[in-house]
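Asks: Numbered by the numbering used here, the letters in the sequence shown go through residues 2 to 205 in order.
Handing you a structure now.
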Amino acid sequence: MDDLTNKASLDGGFDDIPTESAGVFRAVLDAMSHPGTMQNQSTNLHPPAPLSPTCAAVILTLVDNDTPLWLAPELMGGNVVQYLKFHTGAALVENASDAAFAVFLASDIPDLNQFQTGTAEYPDRSATMIIQIDGHGDALPINLTGPGIEYKQEFSVPGLDGKFWRKVRSNNSKFPLGLDFVFCLPEGIAACPRSSAVMLEETV
């Protein structure tokens, strides 16, 4: 690793790890507790491209050396891998089924069936999908119902279409098994846990 690569990997983390990571954790927890709501979250992180500051903040908060991490191929280049290894100690896995957390871009959704959804005995042994949203593209409105939602919550995420949400709906129909989804937008964090039912127009 040359000096420039090393500097890019070491720089750009939290200035005050306990305080900043606690703030991000609260935002993620609030997003999971209130599905489909935006939790505003600003960060001073400067991760290497193409990783966004919000996505980096979530990863640095949730991932450590006990949580296997799967990265989409487009995130494996540059200095992203070195940056995440240095700041989290995470072990990267090649097989998606081994991952506790998976990170990918909204523009290139992987096959969700390859990730662990838990078992009847251990439903908590499922993966969390951390999806980086660039804020561009059409946003299909959907409705969420379930725990943490009084009646229904209208929700939309730029770049995620009906095909994606049908996959999420199928996933969430398996509750208490299934994947959880955390959306990292430029302005903050939102989530759709497996406990939420997804409603959308079938014609989309």
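We put the beta carbon where it would ideally sit given N, CA and C, even for glycine.
According to DSSP, is F15 helix, strand or coil?
Replies: DSSP places F15 in coil when its eight states are reduced to three.
Asks: The beta strand (DSSP E) that contains N104, what's its start and end?
Replies: As written in the sequence, residue 104 is Val, which differs from the Asn given in the question. Per DSSP, V104 belongs to the beta strand (DSSP E) from F102 to L106.
Asks: Just grab the DSSP bridge partners of I132 for me.
Replies: Paired residues: F105 and F184.
Asks: With distances taken between CB atoms, is the gap from P187 to G136 smaller than 7 Å?
Replies: Taking 7 Å as the Cβ cut-off, P187 and G136 qualify as a contacting pair.
Asks: Would you kindly check if the distance between the Cβ of P148 and the Cβ of S196 is under 7 Å?
Replies: Contact flag set, yes.
Asks: So, with DSSP's three-state summary, where would you put S127?
Replies: Strand at S127.
Asks: Let me know if Q133 comes out buried or exposed under the rule of 16 or more other beta-carbons within 10 Å of its beta-carbon.
Replies: When all chains shown are included, Q133 counts as buried.
Asks: Report the rounded CA-to-CA distance for V1 versus F102, giving the unit in angstroms.
Replies: With the chain represented from 2 up to 205, any question about residue 1 goes unanswered, as that position is not in the structure.
Asks: Leaving out five residues before and five after T44 in sequence, what residues of the same chain have Cβ atoms less than 6 Å from its Cβ?
Replies: Cβ within range, chain order: P54 and A58.
Asks: So does the stretch 167–177 actually touch the stretch 32–47, counting three or more Cβ pairs closer than 8 Å?
Replies: Touching, no, given that fewer than three Cβ pairs across the two stretches are closer than 8 Å.
Asks: Does DSSP put V199 in a helix, a strand or coil?
Replies: If DSSP states are grouped into helix, strand and coil, V199 belongs with the strands.
Asks: Would you tell me roughly how many angstroms separate the C-alpha atoms of K175 and V183, rounded to the nearest one?
Replies: Approximately 18 Å between the Cα atoms of the pair.
Asks: Taking the C-alpha atoms as reference points, what is the distance between N80 and D99?
Replies: If I take the Cα positions, the gap works out to 23 Å.
Asks: Alpha carbon to alpha carbon, what distance is there between D162 and V94?
Replies: Between V94 and D162, the C-alpha separation is close to 28 Å.
Asks: When you compare each of T129, I110 and P111 to G119 by their alpha carbons, which one comes out closest?
Replies: Ranking T129, I110 and P111 by Cα distance to G119 puts T129 first.
Asks: Indicate the three-state DSSP secondary structure (helix, strand or coil) for E75 in the structure shown.
Replies: In the structure shown, E75 sits in a helix (DSSP, three-state: H, G or I).
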